[in-house]
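What follows is a short report on a single structure.
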Amino acid sequence: MRAPLLVVAALLLSACSQPTVQEAEFMQRLSALCGKAFEGRIVSDDAEDDAWRAERIVMHVRSCGKDEIRIPLHVGDDRSRIWVIHRERDRLALHHEHRHEDGSLDPVTGYGGVRDDRFSGSRLNFPADEATKALFDANGIPESGDNIWAIEVRPTHNLFAYEMERPGRFFRVEFDTSKPIDIPPAPWGLD
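In structure tokens:
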């Protein structure tokens, strides 16, 4: 009786460390964009984003591995941001890397979270994790501890979208993946 229980336990543990079908589909959709860059536009209407609306916004799916995809985001001449989608234990996670022009890391970097249970092959939601909440508290932006980020990849709609939502705040930028553009310069610190 003990041997069958051990086999079942081993199978359950291995299933927990494998990506779900939806996560695998999501990573496949993202990987199909690897090496390409796209111009985006802000589609949310928060006045707080007006400065970004005035700039050219470009994302570049720069590197794709089995368990990590790195997507630099350029806002005008600002090349400080990289979205990092990676495997963290048994789930995909999104973290944000921020660098200064000299390549040094910003004090507010590495924030994000692991995907929650509301997900599909085309959209993942990432609520702020405890380390992120502590980072935001330490840097005087505790309201950001309620952030939920989302990434959406819908090939049939030629859409890649990035979202950030919290009480009283909503930001969404969409990229048309049917129109690749020239590859932008490398993010700060990686050129």
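Going left to right, the sequence shown walks through residues 0 to 190 as numbering that gives the first Met the number 0 numbers them.
Note that CB positions come from ideal geometry on N, CA and C, so glycine has one too.
Extent of the continuous beta strand (DSSP E) to which residue i belongs
i: S79; result: 77 to 87
DSSP state of residue i mapped onto helix, strand, coil
i: V194; result: Since the first residue shown for the chain is 0 and the last is 190, residue 194 is missing from the structure and cannot be characterised.
i: P228; result: Shown here, the chain extends from 0 to 190; a query on residue 228 therefore has no answer.
i: E54; result: coil
i: W187; result: coil
i: F170; result: strand
According to DSSP, residues forming a beta bridge with residue i
i: W148; result: F125, M163
i: H59; result: A36
i: D175; result: L158
i: I180; result: A36
Span of the alpha helix (DSSP H) around residue i
i: A23; result: 20 to 30
Any alpha helix (DSSP H) of 4 or more consecutive residues that is wholly inside the region 90 to 145: Listed in chain order, the complete alpha helix (DSSP H) runs (minimum 4 residues) inside the region 90 to 145 are 129 to 137.
Using a Cβ distance threshold of 8 Å, determine whether the region 43 to 56 contacts the region 19 to 34, with at least three qualifying pairs required. With the cut-off at 8 Å, the region 43 to 56 and the region 19 to 34 do not touch.
Taking one C-beta from the region 146 to 157 and one from the region 121 to 134 each time, how about it: are there three or more such pairs within less than 8 Å? Contact holds: three or more Cβ-Cβ distances are below 8 Å.
Specify whether the region 111 to 121 and the region 54 to 73 touch according to this definition: at least 3 beta carbon pairs, one from each stretch, less than 8 Å apart. With a cut-off of 8 Å, the region 54 to 73 and the region 111 to 121 do not count as touching, because too few Cβ pairs lie within range.
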